[in-house]
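Protein chains in written order, with numbering that gives the first Met the number 0: chain A, 0 to 368; chain B, 0 to 368.
There are 2 protein chains.
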Amino acid sequence: MNSRRDFLQKVSLGLGVTALSGLPAAASDFAKIPMADKPLRVAMMGLGGYANIVAKGMQECKLAKITGVISGTPSKVDTWKQKYGIPDGNVYNYDTVNQLKNNPDIDLVYVTTPNSLHHKHVLQIAAAGKHVICEKPVADNAKQAREMIAACEKAGVRFYIGYRLHFEPHTREVIRMREAGEFGKIMHVNNFMGFKIGDPTQWRLKKELAGGGAMMDVGVYALNGARYSTGEEPVWVTAQESKTDPVKFKDVDETITFQLGFPSGIIANCGCTYNFNHGERLHLMGDKGWAEMVPAFGYGPIRGNTHLGPINQPDVNHQAYQMDGIADCILNNKPDPNVTGHEGLKDMIVVDAVYESIRKGGAKIFINK
Amino acid sequence: MNSRRDFLQKVSLGLGVTALSGLPAAASDFAKIPMADKPLRVAMMGLGGYANIVAKGMQECKLAKITGVISGTPSKVDTWKQKYGIPDGNVYNYDTVNQLKNNPDIDLVYVTTPNSLHHKHVLQIAAAGKHVICEKPVADNAKQAREMIAACEKAGVRFYIGYRLHFEPHTREVIRMREAGEFGKIMHVNNFMGFKIGDPTQWRLKKELAGGGAMMDVGVYALNGARYSTGEEPVWVTAQESKTDPVKFKDVDETITFQLGFPSGIIANCGCTYNFNHGERLHLMGDKGWAEMVPAFGYGPIRGNTHLGPINQPDVNHQAYQMDGIADCILNNKPDPNVTGHEGLKDMIVVDAVYESIRKGGAKIFINK
């Protein structure tokens, strides 16, 4: 074990991995380091579209690798076993999840099941004593998120949310500049995320699987972006909804605009949609400068400009960087970066307020932490 | 008079001046035509900063020229007389405005006095039987705007608002593309206008002169832009306010965000400020394309892109184009373009609703026309 600790220590010291623990350093470059001899061993739970993106990205990981799967679809399992060399002993279905606790070859489970299953699945993983990373949105609401955090704390496992942009170099550079005061006092934020949804039969359009619509799924990017653009937590929320296609969006929200009021007086004016393209943007305005990222939230490449010129940062694989960053924290027992369940809860408190404001005809909802 | 009518007819036919009457043609190019032998004769009322910009621009006009001034400041009058060759007989102060009715050398008065004086001054000009163009915002509220429209109609004079962007070629091209369906169905609009105000003693910060703050003065750009980006009239309004500098902005609003709901389901998510720069933008998203203008509302050059590439239109002097366009309507008895008092009223109805929403804590205000 000594050689592994030494190696990882070298990684940390030499490549600024501490940046991932919230320090304002440049993003680390895992691409340049050799594969760890004992990487973080990850099982994927839910083998849908995003699981494939994560698994493909993780082939670039230096500190993490996929060693298991949890799926209810045997045909998908066969493909994954072949593609990633997963042994039979590391294959689970939704009825055998609790047996994970007996498997020393899996350190962490990545939950990419539909949003409304996150709560149940994270509780199961925590009960099996494994660390867990769950896709955003953390859950259907803040109450569920609190239960998930409590369960993981009780079980002594780490609990992360797939906020990959907190590892993404362009995004990290904007956060660094903001923390360093390079924009001066932040005065306003204008974020939007969305896309025109395709297949009308997909789980995103089913409330019982998705929990909600655009706000739950893509609005969280605009919202999380408003929080990392300001470094503050909102104290009030207002929101408005539009539904132009009540057939396709009969169960879930199509387009929502929402405003966040922050303690310093900043208003973040945000929006999200499932029904059109070309809106994606993060735009922060300070009294000494500004940043604008377009695209700001997709899988990359992220592009951005500030008052000082283009943001020159490497284009990295978001999923690989995220998983190496989390692996670094777990393997080296470092403080967690800003992507834990608590971060997910902070977003869900606002999402709850957005829906409450809409239910109440746009009323201002004050948030009591 | 025949030669004049013939000349102006040629102007109209040859250069697409009809575009200014709301037809979806390219903006006309007044710069290429010779000076009219009998142009529209304009008196400037209020000789502040914007009057100077208008007068400077109007030196490029082919169909309009400055022939008079109305001012309470003799030193300013002297400068203007010299600069623009204004005879003593065409000089008025605020107590002699009614005598304009006896002056055949003035066809139209351009009111650029502080916003809260627009109502009083337009009523005076109408009573003097002169056509009038008034800067935006038309008045302090919709009630005043209605009174101004009624007074001008009763007096048989034309009443315009200084919506110069309706004559600006890049803006006109976006409107043309929207009307031609090139963006498809408009799905969303995101507009912002504002700047960091300088001199803390200026009239814009005094409610009794300005009527209100950022919303009245620059918010109207974002709002008018939302209306010409959609071609619809809003049916509901929500709004939020932030005041980070309660000393400087003790009388008027500093930063306001507002949302307009349109009949087709479009939400325009807008904002305005007097306290920071770098927010200016018009961004419309359709289901077949998009347009983004940055800068979108200033005195030019206006720049924009669409899904088809950069908007290639000439950079013109906004004030000259506006005044030639209005002169063309009056001299040739053409239908007025979309810049009449009625257009100003439509904006003021929304401005009233914005302030009402803020007074009611962000409540949704439904607009009954």
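All residues carry an ideal CB built from backbone N, CA and C; glycine is no exception.
query                                                                                                                        : result
C-beta neighbour in chain A for B/M192, strict 8 Å                                                                           : no
Straight-line gap, A/D286 to A/R203 (C-alpha atoms, nearest Å)                                                               : 39 Å
The segment 210 to 221 of chain B in contact with the segment 266 to 282 of chain B per 3-pair CB rule at 8 Å                : yes
Within 8 Å, strictly: CB atoms of B/I132 and B/Y109                                                                          : yes
Beta carbon proximity, B/G270 to chain A, threshold 8 Å                                                                      : yes
Segments of 4+ residues assigned as alpha helix (DSSP H) that fall wholly inside the segment 118 to 190 of chain A           : 141 to 154, 168 to 178
Reference B/T112; option with closest CA among B/Y49, B/W79, B/Q98                                                           : B/Y49
Closest by C-alpha distance to B/F250, when choosing among B/E207, B/N223, B/M284                                            : It should be noted that the sequence gives Asp, not Phe, for residue 250 of chain B. The shortest C-alpha separation from B/D250 is found at B/E207.
Cβ-based burial, A/G297 [other Cβ within 10 Å; buried from 16]                                                               : exposed
Short Cβ contact (8 Å threshold) for B/T243 with B/E253                                                                      : yes
Element boundaries [alpha helix (DSSP H), containing B/W79]                                                                  : 73 to 83
DSSP-derived helix/strand/coil call for B/N311                                                                               : coil
Residue burial classification, A/P33 (beta-carbon count within 10 angstroms, cutoff 16)                                      : exposed
Start and end residues, alpha helix (DSSP H) containing B/S228                                                               : 219 to 229
Chain B within 8 Å of A/I266, Cβ atoms only                                                                                  : yes
DSSP state of B/M57 mapped onto helix, strand, coil                                                                          : helix
Buried or exposed (CB count within 10 angstroms, at least 16 for buried), B/A352                                             : buried
Proximal residues of chain B, C-beta to C-beta of A/F275 below 8 Å                                                           : M186, H187, M284, G285, D286
Assigned secondary structure, A/Y91 (DSSP; H/G/I helix, E/B strand, else coil)                                               : strand
Residue nearest to B/N92 in terms of C-alpha spacing, selected from B/I329, B/A144, B/D36, B/H120                            : B/H120
Contacting positions in the segment 224 to 245 of chain B - beta carbon closer than 8 Å to chain A                           : T237, Q239, S241, K242, T243
Within-8 Å CB hit, A/T254 to chain B                                                                                         : yes
Cβ of A/V247 within 8 Å of any chain B Cβ                                                                                    : Position check: residue 247 of chain A holds Lys in this sequence, whereas Val was assumed. No, its Cβ sits nowhere closer than 8 Å to a Cβ of chain B.
Positions along the segment 340 to 367 of chain B whose CB lies within less than 7 Å of some CB in chain A                   : G360, G361, A362, K363
Residue burial classification, A/T256 (beta-carbon count within 10 angstroms, cutoff 16)                                     : buried
Where A/G361 falls: helix, strand or coil (DSSP)                                                                             : coil
Candidates B/W79, B/G71, B/I357, B/T72, of which the one nearest B/K55 by Cα                                                 : B/W79
Where the beta strand (DSSP E) through B/L204 begins and ends                                                                : Note, B/L204: premise wrong, no beta strand (DSSP E); not H, not E.
Beta carbon proximity, A/Q143 to chain B, threshold 8 Å                                                                      : no
Sequence-distant residues of its chain with Cβ nearer than 6 Å to A/N190 (five each side left out)                           : A221, G224, A225, C269, L281
Chain-order list of residues whose beta-carbon lies under 6 Å from that of B/N276 (same chain, five-residue window excluded) : F194, K195
DSSP beta-bridge partners of B/A238                                                                                          : B/F257
Segment limits, alpha helix (DSSP H) that includes B/H282                                                                    : Not the alpha helix (DSSP H): B/H282 falls in the beta strand (DSSP E), residues 280 to 285.
Span separating the alpha-carbon of A/M147 from that of B/V173                                                               : 49 Å
Collapsed DSSP secondary structure at A/L39 in the structure displayed                                                       : strand
For B/L62, the three-state DSSP class (helix, strand or coil)                                                                : coil
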